[in-house]
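Student: Quick one: the structure is below, and I'll ask about it shortly.
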Amino acid sequence: MAARISFVTPVRNDAVRLETCLRSILAAGNDAEEIELVVVDNGSIDASPEVARRLGAHVTVIENVRVSELRNRGARLATAPVIAFVDADNEIVPGWIDAALENLENLG
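Okay, so the sequence shown: first residue is 1 according to my numbering, each after it adds one.
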């Protein structure tokens, strides 16, 4: 099954909170295959890229750019028909993915 939603997460030197964030996203999904994790790292010198890769994220490193460029690059890399932007210091609650996809389907 192809991913139904891509989560784009910009990060710089925030490995601990990034891990919490990505784990919350994975826990909120019914099926790990429905979720694509795209992490765009702004030249971290901590373990942020490694943490993201370990949790199955596609990681791209782009140094010394604004967070908007990180998000835009992540959006271009995302492959799912729905893109959600979530910062590394946020968590997704259970049920969020289903609710978001259901609401988007109701718009069409």
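Every residue, glycine too, gets a C-beta built ideally from N, C-alpha and C.
May I ask you to list the residues that DSSP assigns as paired with D41?
Tutor: V11, V61
Student: What ranges does the beta strand (DSSP E) occupy inside the stretch 68 to 102, keeping only unbroken runs of at least 3 residues that lie completely in it?
Tutor: 82 to 85
Student: What separation, rounded to the nearest whole angstrom, lies between the Cα atoms of E33 and A3?
Tutor: 6 Å
Student: For V51 versus L104, is the C-beta distance shorter than 8 Å?
Tutor: no
Student: Nearest CA to the CA of I45: which residue from V11, H58, R54, F7?
Tutor: V11
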